[in-house]
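In the UniProt record's numbering, the protein residues as written are 1 to 66. Built from N, CA and C at the ideal position, the CB exists for glycine as well. None of the values given here were measured: they were computed from a predicted structure.
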């Protein structure tokens, strides 16, 4: 079972599992905290170097076509 699956089989119960409003509030807050943490992280230098090389390759390809 992965983290998105319920431990209850919906066919056993006849309906899909539901989440209370307080549960939705907690989930929303935790997702926002995670998003904010990721958003505040810097971009690794290796990734920036790869993006720069990609830009250079695209520019060279455009120049050779035009």
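Where residue 16 is concerned, there is no enclosing alpha helix (DSSP H), because DSSP gives it neither an H nor an E.
Residue 52 and residue 19 have their C-alpha atoms roughly 45 angstroms apart. DSSP places residue 56 inside the alpha helix (DSSP H), whose first and last residues are 45-65.
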